[in-house]
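See below for the structure under consideration.
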Amino acid sequence: MSNVLEVNGLKKDYGAFKLNDVSFSLQEGCITGFIGVNGAGKTTTIKSILGLVLKDAGSVKLFGKEIEKNEQELKNYIGVVLDEGCFYEEMTLKEMKNVIAPAYTNWDEKIFRNYINRFDLNLKQKISTLSKGMKMKYSIALALSHHADLLIMDEPTSGLDPLIRSEILDIVLEFIREEGKSVFFSTHITSDLDKIADMLILIDKGEILLNEEKDLILDTYGVVKGDSNLLNDENRKLFLNIKESRYNFEAITNRKNDVRKHMDGVIIERPTIEDVMLAHIGGDRDAI
Ligand code: ATP
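Put into structure tokens, the structure is as follows:
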């Protein structure tokens with residue numbers, strides 16, 4: 001599989017926060033989930049890739065070409081859905097579309113109208129009067145109406161109800177079914193990615209901690225549960241994090257075979273993406 005996007009040595013220093021040498025690539029035909037808690041650096045990474053934030057160092061290539069040097073051409077291949085949706089609030093949906101559409105050589109009005117009908121949106125409505133869910137749908141309609149090959153979505157499901165979230169995930173799945181399409185989907189709601197992601201990239205404090213196939217991650221890691229008496233100094237080293245109560249413990253391991261070999265009487269369950277993410281960043285569920 002070829003790489004659609006290659007990010008190398010990306011740096012951005014905000015003083016209190018730094019993107020530290022962020023490097024990864026996105027494979028064609030894959031949905032890559034970009035996960036991390038609030039403030040981990042997801043939006044800064046995405047905006048640096050898109051040139052919306054001025055990076056301090058690093059290179060970003062789309063289909064082998066530097067985005068910076070070929071912006072006009074390459075932006076045709078990318079559909080972008082940003083969390084805050086950068087629109088003029090006083091415009092109607094149609095007026096805003098008329099501002100955006102000419103920027104793309106491949107704008108397809110028919111596809112756009114199909115999405116508008118499918119999402120039950122009214123082109124005469126002002127953007128300021130849209131609900132959060134409607135605005136997200138409008139953003140998606142705009143992002144998917146110029147035959148983009150790479151869809152970049154920053155927290156598209158954040159703050160939305162389960163029905164709209166599920167609709168958005170269906171659209172992402174429809175998009176990826178077409179040959180040659182790829183998706184980069186940032187979120188702190190990892191349960192969305194349990195369903196759709198092929199690859200996962202975990203960022204924390206501006207650094208990439210994990211970059212792997214989702215299924216491999218979920219097969220490799222395990223949630224281990226057992227009696228607290230079973231823990232000792234030696235077998236504690238098999239875990240990334242351990243939560244202990246007076247009688248029981250629950251811990252995440254990426255060494256399931258060693259746990260089976262050295263610890264009798266424990267249960268090993270399949271983790272969720274959230275379990276693995278929190279084990280790496282040392283948090284607990286309440287932190288999300
Ligand atoms: P969330 O899930 O909350 O959107 P995130 O992972 O997208 O979080 P970022 O928005 O990239 O995180 O923010 C990372 C850090 O960079 C935060 O500490 C934020 O305060 C800081 N930051 C973002 N933009 C700026 C800016 N323009 N100036 C200074 N600091 C900034």
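The numbering of the sequence shown is UniProt numbering, which starts it at 1 and goes up by one.
Glycine residues also receive a C-beta, built at the ideal position from the N, C-alpha and C atoms.
8 Å contact criterion, which residue i and residue j should meet: CB distance rounded
{"i": "ALA141", "j": "PHE175", "result": "In fact, because the Cβ distance is near 12 Å, the residues do not count as touching under 8 Å."}
{"i": "residue 296", "j": "ILE273", "result": "Beyond the ends of the chain as shown, which are 1 and 288, falls residue 296; an answer cannot be given."}
{"i": "ILE127", "j": "LEU93", "result": "7 Å"}
{"i": "LEU10", "j": "SER23", "result": "7 Å"}
From the options, residue whose alpha carbon lies closest to that of residue i
{"i": "THR129", "options": "LYS69, LYS42 and GLU89", "result": "GLU89"}
{"i": "ALA57", "options": "THR105, LYS18 and VAL99", "result": "LYS18"}
{"i": "ALA101", "options": "LEU278, ILE242 and LEU144", "result": "LEU144"}
{"i": "LYS12", "options": "PHE24, LEU54, PHE119 and VAL37", "result": "LEU54"}
{"i": "LYS42", "options": "VAL7, GLU155, LYS124 and ALA16", "result": "GLU155"}
{"i": "ASP215", "options": "LEU200, ASP227, LEU151 and VAL223", "result": "LEU200"}
{"i": "ASN76", "options": "SER166, TRP107, ILE168 and ASN248", "result": "TRP107"}
{"i": "GLU244", "options": "MET263, ILE171 and VAL224", "result": "VAL224"}
Residue i: CB within 7 Å of a non-hydrogen atom of the ligand ATP
{"i": "GLY39", "result": "yes"}
{"i": "HIS280", "result": "no"}
{"i": "ASP204", "result": "no"}
{"i": "GLU66", "result": "no"}
{"i": "GLY36", "result": "yes"}
{"i": "THR43", "result": "yes"}
{"i": "GLU207", "result": "no"}
{"i": "PHE175", "result": "no"}
{"i": "GLU274", "result": "no"}
{"i": "HIS146", "result": "no"}
{"i": "VAL24", "result": "The sequence given here places Phe at residue 24; Val does not occur at that position. The answer is no for PHE24."}
{"i": "TYR77", "result": "no"}
{"i": "ASP83", "result": "yes"}
Self-check item: beta strand (DSSP E) runs wholly inside the stretch 25-64, at least 3 long, in chain order
Solution: 31-35 and 57-62
Quiz item: Curious, which full-length beta strand (DSSP E) runs of at least 3 residues does the stretch 100-187 contain?
Solution: 150-154 and 182-187
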